[in-house]
Amino acid sequence: MDLLSSSAIALRWLVRLRWHAVVGTALTVAVAARGLRLDLPVVPLLALVVLTGASNLLLTHWLRHHPVVKSHHLGAVLALDTLLLTGLLSLSGGPDNPFAMLYLVHVAMAALVLGPRWTLSLALLSVVGPVLLFQFHIPLREFGDGTGSVLTGPGRMVGTWVAFSLTVMSIAWMVARVSAALRDRQEALVRAQLLASRAEKLASLSTLAAGAAHELGTPLGTIAIAANELDVLIQEAPQEALEDARLIRDQVERCRDILERMSARAGQTYGEAPEQTTTNAVLERLREELTAGELSRLRIEEGAEVSLYFPPRGLVQVLVNLVRNALHASDASQSPVTLSVRGDGGRTRFVVEDRGTGIPREVLERVGEPFFTTKPAGQGMGLGLFLAQTFAELCGGRLELASEEGVGTRATLELPYRKGPSHAAA
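Have a look at this one:
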């Protein structure tokens, strides 16, 4: 749901309520004139009903082209409805008409979403309306009743009960619907703020990574040149020295490749363009990222192949982080870490389980915060789970951690099914 203002939400629900009012008023006039045989000015009454419907059509058209709604827009519509109600009542008995209770609906709406100024104004208008009805109204009378006597007896009691029930149900329905819409808006706002906060932290990490890449690029370049010169100088040296020099050069090249990726994609790994892929292709790339020792301790349960449309590099990196965290929490002598893939109900779940020591509850609450880690110093920066959560939320999914001390930990990455361009075109 888009983040609409409370006035916009209330006005959209008021439009629906007004359509019900148009239909209900027209039926009430028909029943009163034909069924109860009341002598009513049907044409003027129906003219006011048509006016209400026409104003609602204009309001609907206006809302489509003006998504920004202010409080005075809603207040003006409620004031118009109060005047229309006064007109309807003046033509159908005035203060003797039990449907005068409907004044409360407009006041309740104003009190729910408008400020005290508009609420007070509509309350005064709802008080002045009945006062005017005492002086200006057409009395309720039956056909053929030349005295113009007001209806009394069981008919009036039934009318009062119907009016009271209608007022109560209208207020209850309106308050419940608008309150639910406002709660949805608040939840959407909280989610948007959370994503914005994570994006801000991720931007800070981008700056840090770019600075590190810039600062370390020069000394690593120097080491690479020195290693190349060393390679030339020790051509006659023992084979072991030659292998060491080449190892230095290879490792430096690897570091430079990592830094280039950090500089070019610093913080953008999770903002890369999505691509059409499959769960099997993702798992194959995962195997390429892990070492032979890590793969020996990992059991992969692939299941049925599922089509995916997500950034593949980011997804693989998230799974690598989850698997390595599980491996770090488990001893080599324990049961292997399990990675299973399950696709059902339009969602794909990657579940990583270990049989390690588990995570204490007080620590589990902080897991996922940037730079918070339970690993020894120098073995982790506490960014893996933070980036994994950010990736999941940006893709419309979620990352859940469940852990029990002495039993193990289960990390579930759940992603929604999304169609790629090729599927959409089909």
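Counting in my numbering, the sequence shown runs from 2 upward without gaps. Every residue gets a Cβ at the ideal spot worked out from N, C-alpha and C, and that includes glycine. None of the values given here were measured: they were computed from a predicted structure.
For the 8 Å Cβ check, are there 3 or more pairs between the stretch 271 to 290 and the stretch 301 to 308? By the Cβ rule, the stretch 271 to 290 counts as touching the stretch 301 to 308, because three or more pairs are nearer than 8 Å.
Is residue 102 near residue 175, with beta carbons less than 8 Å apart? Walking along the sequence shown from the start, residue 102 turns up at place 101. Walking along the sequence shown from the start, residue 175 turns up at place 174. Their beta carbons are not under 8 Å apart, which means residue 102 does not touch residue 175 by this criterion.
Following the continuous alpha helix (DSSP H) through residue 115, name the residue where it begins and the one where it ends. Locating residue 115 in the sequence shown gives position 114, where the first residue counts as 1. Premise fails: residue 115 is in no alpha helix (DSSP H) and is neither H nor E.
Between 134, 367, 302 and 390, which lies nearest to residue 323 when the distance is taken from Cα to Cα? Translated into the one-based positions of the sequence shown, residue 323 becomes position 322. Of the candidates 134, 367, 302 and 390, the one whose C-alpha sits nearest the C-alpha of residue 323 is 390.
Under a three-way DSSP split, which group does residue 131 fall into? To locate residue 131, count along the sequence shown from 1; it is residue 130. Three-state result, residue 131: helix.
Thinking C-alpha only, which one of 299, 40 and 113 is nearest residue 139? The residue you call residue 139 lines up with position 138 of the sequence shown. For the residues 299, 40 and 113, the minimum Cα distance to residue 139 belongs to 40.
Specify the secondary structure class of residue 418 as computed by DSSP and reduced to three states. One-based indexing of the sequence shown puts residue 418 at position 417. Residue 418 falls in the coil class under three-state DSSP.
For a test of the three-state rule: what should DSSP assign to residue 93, helix, strand or coil? Residue numbering aside, residue 93 sits at position 92 when the sequence shown is read from its first letter. Residue 93: coil per DSSP, three-state reduction.
Spatially closest choice to residue 105 from 99, 91, 87 and 127, by CA coordinates: Against the sequence shown, residue 105 aligns to sequence position 104. Here the closest residue by C-alpha is 127.
Same chain, Cβ closer than 6 Å to residue 148, five either side skipped, listed in chain order: Locating residue 148 in the sequence shown gives position 147, where the first residue counts as 1. In this predicted model, residue 148 has a pLDDT of only 49, less than 50, meaning its place in the structure is not dependable enough to derive any value.
Take residue 446 and list the residues in its own chain whose beta-carbon comes closer than 7 Å to its own, dropping the five residues that flank it on each side. The chain is shown from 2 up to 427; residue 446 falls before or after that span and cannot be answered.
Can you look up residue 289 in the DSSP assignment and give me helix, strand or coil? Numbered from its first residue, the sequence shown carries residue 289 at position 288. Reduced to three states, the DSSP call for residue 289 is helix.
Element boundaries [beta strand (DSSP E), containing residue 385]: As a working note, residue 385 is residue 384 in the sequence shown. Secondary structure note for residue 385: it is in no beta strand (DSSP E), and the uninterrupted alpha helix (DSSP H) holding it is 385 to 395.
Assigned secondary structure, residue 10 (DSSP; H/G/I helix, E/B strand, else coil): By 1-based counting over the sequence shown, the position of residue 10 is 9. In the three-state reduction of the DSSP assignment, residue 10 falls in the helix class.
May I have a chain-ordered list of the alpha helix (DSSP H) segments no shorter than 4 residues that lie completely inside the stretch 278 to 348? Counting only runs of at least 4 residues, the stretch 278 to 348 fully encloses the following alpha helix (DSSP H) elements, listed from N- to C-terminal order: 280 to 290, 293 to 297 and 313 to 330.
Restricting to Cα atoms, I'd like to know which of 45, 30 and 44 is closest to residue 38. Here the question's residue 38 lines up with position 37 in the sequence shown. Cα-wise, what sits closest to residue 38 is 30.
Bridge partners of residue 1, per DSSP? The question about residue 1 has no answer here: the residues shown for the chain are numbered 2 through 427.
Where residue 105 sits in the DSSP three-state scheme: For this step, residue 105 is matched to residue 104 along the sequence shown. Reduced to three states, the DSSP call for residue 105 is helix.
I think residue 359 touches residue 405, with their Cβ atoms under 8 Å apart; what is that distance to the nearest whole Å? Translated into positions along the sequence shown, residue 359 becomes position 358. Translated into positions along the sequence shown, residue 405 becomes position 404. Sure, about 5 Å apart at Cβ, within 8 Å.
Cβ neighbour criterion (16 or more within 10 Å) applied to residue 94: Numbered from its first residue, the sequence shown carries residue 94 at position 93. Residue 94 is buried by the Cβ-count criterion.
Which value, in whole angstroms, describes the spacing of the CA atoms of residue 296 and residue 331? In the sequence shown, counting from the first residue as 1, residue 296 sits at position 295. In the sequence shown, counting from the first residue as 1, residue 331 sits at position 330. C-alpha separation (whole angstroms): 14 Å.
With a threshold of 16 other CB atoms inside 10 Å of the CB of residue 354, please say whether the residue is buried or exposed. As a working mapping, residue 354 is identified with position 353 in the sequence shown. That one is buried.
State buried or exposed for residue 334, treating a residue as buried only when at least 16 other CB atoms are found within 10 Å of its CB. Counted from its first residue, the sequence shown places residue 334 at position 333. Taking every protein chain shown into account, the CB of residue 334 has fewer than 16 other CB atoms within 10 angstroms, so this residue is exposed.
Would you report the Cα separation of residue 177 and residue 97, rounded to the nearest angstrom? Along the sequence shown, read from residue 1 onward, the residue named residue 177 stands at position 176. Along the sequence shown, read from residue 1 onward, the residue named residue 97 stands at position 96. Between the C-alpha atoms of residue 177 and residue 97 there is a straight-line separation of about 30 Å.
Which two residues bound the contiguous alpha helix (DSSP H) that contains residue 33? Taking the first residue of the sequence shown as 1, we reach residue 33 at position 32. Under the DSSP assignment, residue 33 falls outside any alpha helix (DSSP H); it carries neither an H nor an E label.
Tell me, please, which residues DSSP counts as bridged to residue 179. The sequence position of residue 179 within the sequence shown is 178, counting from 1. Here residue 179 is not bridged, per DSSP, to any residue.
Residue 186 to residue 173, Cα distance in whole Å? Here residue 186 is taken as the residue at index 185 of the sequence shown, counted from 1. Here residue 173 is taken as the residue at index 172 of the sequence shown, counted from 1. Their backbone Cα atoms lie some 20 Å apart in a straight line.
How many whole angstroms separate the CB atoms of residue 302 and residue 342, which I take to be in contact at a CB cut-off of 8 Å? By one-based count along the sequence shown, residue 302 stands at place 301. By one-based count along the sequence shown, residue 342 stands at place 341. Right, the Cβ-Cβ distance comes to about 7 Å (below 8 Å), so this counts as a contact.
Can the beta-carbon of residue 57 be found less than 8 Å from the beta-carbon of residue 32? As a first step, residue 57 must be located in the sequence shown, where it is residue number 56. As a first step, residue 32 must be located in the sequence shown, where it is residue number 31. Remark: C-beta atoms of residue 57 and residue 32 do not approach each other more closely than 8 Å.
Helix, strand or coil: how does DSSP classify residue 70 here? Mapped onto the sequence shown, residue 70 falls at position 69. Looking at residue 70 - three-state DSSP - the assignment turns out to be coil, as it is neither helix nor strand.
Measure the alpha-carbon distance for residue 72 versus residue 193 and round it to whole angstroms. Counting from one through the sequence shown, the residue named residue 72 turns up at place 71. Counting from one through the sequence shown, the residue named residue 193 turns up at place 192. Spanning the two alpha carbons is a distance of roughly 24 Å.
Looking only at its chain, what residues have a beta carbon closer than 7 Å to the beta carbon of residue 407, apart from the 5 residues adjacent to it on each side? Counting from one through the sequence shown, the residue named residue 407 turns up at place 406. The beta carbon of residue 407 lies closer than 7 Å to those of 358 and 359 in the same chain, with the five residues before and after it left out.
Alpha carbon to alpha carbon, what distance is there between residue 179 and residue 60? For the purposes of this step, residue 60 is identified with residue 59 of the sequence shown, where counting begins at 1. For the purposes of this step, residue 179 is identified with residue 178 of the sequence shown, where counting begins at 1. Going from the Cα of residue 60 to the Cα of residue 179 covers about 18 Å.
Close beta carbons around residue 229, own chain, < 8 Å, minus the five adjacent residues each side: On the sequence shown, residue 229 is found 228 positions in, with the first residue counted as 1. Excluding positions up to five away in sequence, the list reads 250.
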